[in-house]
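Residue numbers for the sequence shown follow UniProt numbering, so the first one is 1 and each next one is one higher. Yeah, the Cβ is synthetic: ideal placement off N, Cα and C, and Gly gets one too. Presented below is the structure to which this report refers.
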Amino acid sequence: MKRLFTPALVLLTFLNLISCETKKEKPQPKPYKAGVILSFDDAYVDEWYEADQVLRKYSWKATFNVCRIDSIGAPQLKKLHEMEQYGHEIAGHGYHHYNAVKFVQQNGIDQYLDQEIDPMIASLKKKNFKTTSFAYPYGERSDELDKALSSKFKIIRGRAFGGEAPEKQDSYFNNSKIVFAFDIDNSHIHFSIPYLLELLHYAKKNNKILILCSHKTVKEVTENYQTKIETLEFVCKYMKLNDLKFYKLSDLDDLLPQQ
């Protein structure tokens, strides 16, 4: 029996095909366990190493975003390699630590890549570090910068500057390669242990990955851009008690929706 194709049937078939294609192409987020990323900026290698020795009892993992790599001495490079071999991530934080937004406004994006990004990538590679993540110095970024760096790094981290309620805070993994971290340095205007506890609890309750950042790790705070090791222990203890997972920035690449 010959089948008749009416205009309405042809249109319906076409719409079904379009619908299937749309459903097929839409990337789906991957499931993951609630957890925390502890990340550290600049080049406080000796202090990071000391904190690492204290925190290994928690089987912790962290991302260390290193700047001015060619100014770091051989003993410190050895420590970084040891930390990488243990399971930490060594990521990029700029060759000179320029403020990316201000530099681009004055010199353009090409000069930023030539002076700040490409030399950093080359030097890290020469020193045998496997670097796939980047954290903006001072946390300042722009869409133009994100676009220019997207082909060079799998994950790019800025900073969440506000102290909003946890459900409005930007410092949780958002299924994007551009992520933001909440600063837990003691001098950060929005930092406090009670607020940090709120962020951790929200991550646990809502199955989120909380992203934190700091700079120099110390036993006692004496100036700005310092985080007490005691604060890091607080985070690690909370994670162990509540079965949260330690992530590194590079781990997020495996969780991104497949295009």
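Shortest Cα-Cα distance from Arg157 to any of Ser171, Glu144, Glu164 involves Ser171.
It is roughly 35 Å from the alpha-carbon of Tyr98 to the alpha-carbon of Asn207. Beta-bridge annotation (DSSP): Ile90 is paired with Phe64. Comparing C-alpha distances from Asp251 to each of Lys177, Ala181, Glu233 shows the shortest one belongs to Lys177. Contact between Leu244 and Thr63 does not hold, since the beta-carbon distance rounds to 16 Å and is not under 8 Å. With respect to Asp42, His215 sits close: the two C-beta atoms are nearer than 8 Å.
Out of Ala203, Tyr136, Ala122, the CA that lies nearest to the CA of Lys33 is found in Ala203.
In the three-state reduction of the DSSP assignment, Thr131 falls in the coil class, being assigned neither a helical nor a strand state.
Ser71 is bridged by DSSP to nothing; it lacks a bridge partner. Here DSSP, grouped into helix, strand and coil, assigns Gly35 to strand. Rounded to whole angstroms, the separation of the alpha carbons of Val101 and Tyr112 is 9 Å. When the Cα atoms are used, Asn174 and His81 turn out to be separated by approximately 30 Å.
In summary, Glu116 is buried, with 16 or more beta-carbon neighbours lying within 10 Å of its beta-carbon over all protein chains present. If only complete runs of 3 or more residues are kept, the region 113-191 shows the beta strand (DSSP E) at 133-135, 155-159, 178-183, in order along the chain.
With respect to the 8 Å criterion, Met120 and Ile69 are classified as neighbours on the basis of their beta carbons.
Distances from the CA of Pro166 to each of Ile211, Lys130, Phe153 were compared; the closest alpha carbon is that of Ile211. Annotation for Leu210: the continuous beta strand (DSSP E) segment containing it runs 209-214. With fewer than 16 other Cβ atoms from the protein chains shown falling within 10 Å of its own Cβ, Pro75 counts as exposed. Around the C-beta of Thr231, 16 or more other C-beta atoms lie within 10 Å, and the residue is accordingly described as buried. Exclusion of the five residues before and after Lys127 leaves Ile69, Leu77 as the residues of its chain whose Cβ lies within less than 8 Å of its Cβ. Under DSSP, no beta-bridge partner is assigned to Gln111. Separation of Val54 and Phe134 (C-alpha to C-alpha, rounded to the nearest whole angstrom) is 26 Å.
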